[in-house]
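In what follows, a structure is listed as structure tokens, so that the remarks can point back to it.
Residue numbers (my numbering): 7 to 541.
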């Protein structure tokens, strides 16, 4: 120590919590481990892959990737040094590290080329629950790539061209001749500035090119196009026959750049590692996907899968916030005891843990419904279950993260803790792929117009009947109300649907004490209006 240096109490701080790193994000999550063991068997290959991925997700290195990717925002480059239009986005190296892991572990479109009849989508959801705890922004292009494949099935030629590229486990960044790329990513462009969720108000125009009737040119704009450096995009535009879905490659078959003008990047509340852009089309070449006038019906398969990832991503973020809160309270002293030993703090942590476990089980169960393939009852349940879960789980993420942040006190409000990054990310999934109102109304629309969805939902939820009288009573009340629900009461009704679905899953698959506490609080009325009010 240099002569004359003064050492005081501030130089050797006491009662400070060490960073949460160097742990396994999978094996430290008993709810996820139990679910994976139940679904795949003890010592399965999936369990082994998740153990390795969890070690990386909890490492100092990966956590630093997440911090750096968000701290160093993407940079838009519209032109090169010679004034030529390039419309590219530069990312920090940490972004590419995150993407390499996600794509390499098959969290993008790889499951679609794995054996049907296996739990391939459930395994992917479990991997996203683990890796999603590191950083949420890079999961946007990963999710869109995954979700694009079922929509591409509307055109066998386009599906054959793009699915193998999207299903690659090699992350190959950059706009180049597709013949030279080892893997590709997909994006989506639906909303426009004048319409938002009302995509039928879109004004982008598609004009057929003389020939086989599949190629068009587009003129117009998109208000939100995330991850604009993806290789291909599914977009909606007005064709002569009505709103239609199109495939737009950023690099054309002859190796030249398509017209895809990036006007600016959005200055967002969170999700800052991911670039979200405004795009203009100027005679942009596109290939029709599905029939003219069937754009919404075609792209809805992509929307369904991204909604699943909104649920899964929110569950992962909740788990990350809970892990930080538990870690902090196990190391921080107050009033002569560890925070984790204080009765009221234990009530808060237990309440958060129940919410996290229910979200995890919901995500995996919806992924398993996707694995059921052509099973009609599973399809009908998935149709309504996704909208219900998208409404509820994503909406719970923001208050959940705020409560977890509060467990750290003032330390949680400081950027260095990492909690503000989680807090800024928390509202996102409740907005993307339809806000709360859009999803609540979608549930009502499904109940009114799609035969069998209510019966499928009741069959799924009813699998837990007889296990708890409080659950049975709440389930009966829901069934009595379904005939009279209207738009004004849609949120309240969908909330109760979500809680009954989660209660059913907890009763069937969670430890008895967890299931009892969840049902007592969420369905039995033994709960306050904030977390930490368990009976």
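Ideal Cβ positions, reconstructed from N, Cα and C, are used throughout, including at glycine.
ask   = Going straight from the alpha carbon of residue 178 to that of residue 86, what length do you get?
value = 21 angstroms
query = Smallest Cα separation from residue 184: which of 152, 206 and 264?
reply = 264
ask   = Ends of the alpha helix (DSSP H) at residue 397?
value = 382–413
key: Local conformation of residue 71 per DSSP, three classes   = Here residue 71 sits in helix by DSSP.
query = Looking at the structure shown, is residue 200 part of a helix, part of a strand, or coil, going by DSSP?
reply = coil
query = By a C-beta neighbour count over all protein chains shown, 10 Å radius and 16 as the cutoff for buried, is residue 207 buried or exposed?
reply = exposed
ask   = When you compare each of 341, 194, 335 and 31 to residue 301 by their alpha carbons, which one comes out closest?
value = 194
inquiry  = What does DSSP give as the partner residue(s) for residue 340 in the beta ladder?
reply    = For residue 340, DSSP records a beta bridge to 343.
request  = Determine, using beta carbons only, whether residue 278 and residue 79 come nearer to each other than 7 angstroms.
outcome  = yes
ask   = Grouping DSSP H, G and I as helix and E and B as strand, with all else coil, what is residue 418?
value = helix
query = Who does residue 92 pair with in a DSSP beta bridge?
reply = Residue 92 is not bridged to any residue.
key: When 345, 343, 377 and 498 are compared against residue 314, the one with the closest alpha-carbon   = 377
request  = Using 10 angstroms around the beta-carbon of residue 200, count the other beta-carbons present and answer buried if the total reaches 16, otherwise exposed.
outcome  = exposed
request  = Would you kindly work out how many angstroms separate the C-alpha atoms of residue 358 and residue 406, rounded to a whole number?
outcome  = 7 angstroms
task = Figure out for me which residue from 421, 134 and 361 has the closest Cα to the Cα of residue 536.
result = 361
ask   = In whole angstroms, what separates the C-alpha of residue 40 from that of residue 368?
value = 14 angstroms
task = Measure the Cβ-Cβ separation of residue 411 and residue 429 and say whether it is below 7 angstroms.
result = yes
inquiry  = Considering only their Cβ atoms, is the gap separating residue 82 from residue 95 smaller than 7 angstroms?
reply    = yes
ask   = residue 115 by DSSP, collapsed to three states: which one?
value = Residue 115 falls in the coil class under three-state DSSP.
ask   = Looking only at C-alpha atoms, which of 93, 523, 317 and 337 sits nearest to residue 283?
value = 93
query = Going along the chain, which residues of its own chain have a beta-carbon closer than 6 angstroms to the beta-carbon of residue 30, five neighbours each way excluded?
reply = 60, 61 and 64
query = Should the stretch 458–471 be regarded as contacting the stretch 381–396, the criterion being three or more beta carbon pairs within less than 8 angstroms?
reply = yes
request  = Label residue 21 either buried or exposed according to how many other C-beta atoms from any shown protein chain fall within 10 Å of its C-beta, with 16 as the threshold for buried.
outcome  = exposed
task = Run the CB neighbour count on residue 483, radius 10 Å, all protein chains shown included, and call it buried at 16 or more, exposed below.
result = In this structure residue 483 is exposed. Its beta-carbon is surrounded by fewer than 16 other beta-carbon atoms within 10 angstroms.
request  = Out of 109, 509, 399 and 538, state which residue places its alpha-carbon closest to the alpha-carbon of residue 529.
outcome  = 509
inquiry  = Quick test of the definition: if touching needs 3 or more C-beta pairs under 8 angstroms, does the stretch 165–177 touch the stretch 134–146?
reply    = no
query = Do you know how far the Cα of residue 319 is from the Cα of residue 8?
reply = Residue confidence is low: residue 8 scores 49 on pLDDT, short of 50, so the model does not pin down where it sits. Its coordinate-derived value is still stated next. For residue 8 and residue 319, the distance between alpha carbons rounds to 50 angstroms.
query = Along the chain, where does the alpha helix (DSSP H) that runs through residue 482 open and close?
reply = 475–487
request  = Could you check how far apart the C-beta atoms of residue 311 and residue 153 are, in whole angstroms? I think they sit under 8 angstroms.
outcome  = Indeed they touch by this definition, with Cβ atoms about 4 angstroms apart.
key: Continuous beta strand (DSSP E) stretch holding residue 221: start and end   = 221–232
key: Neighbourhood of residue 340 by C-beta, 8 angstroms cutoff - its chain only, sequence neighbours within 5 removed   = 348
query = Do residue 452 and residue 397 have their CB atoms nearer than 7 angstroms?
reply = no
inquiry  = According to DSSP, simplified to helix, strand and coil, what is residue 235?
reply    = coil
ask   = If you draw a straight line from the alpha carbon of residue 328 to that of residue 408, how long is it in whole angstroms?
value = 11 angstroms
query = Hey, is the stretch 432–441 in contact with the stretch 469–478, meaning 3+ C-beta pairs nearer than 8 angstroms?
reply = A contact between stretches requires three or more CB pairs, one per stretch, nearer than 8 angstroms, and the stretch 432–441 fails this requirement with the stretch 469–478.
ask   = Quick one, are the C-beta atoms of residue 251 and residue 147 less than 7 angstroms apart?
value = No, the pair does not count as a contact, with Cβ atoms beyond the cut-off.
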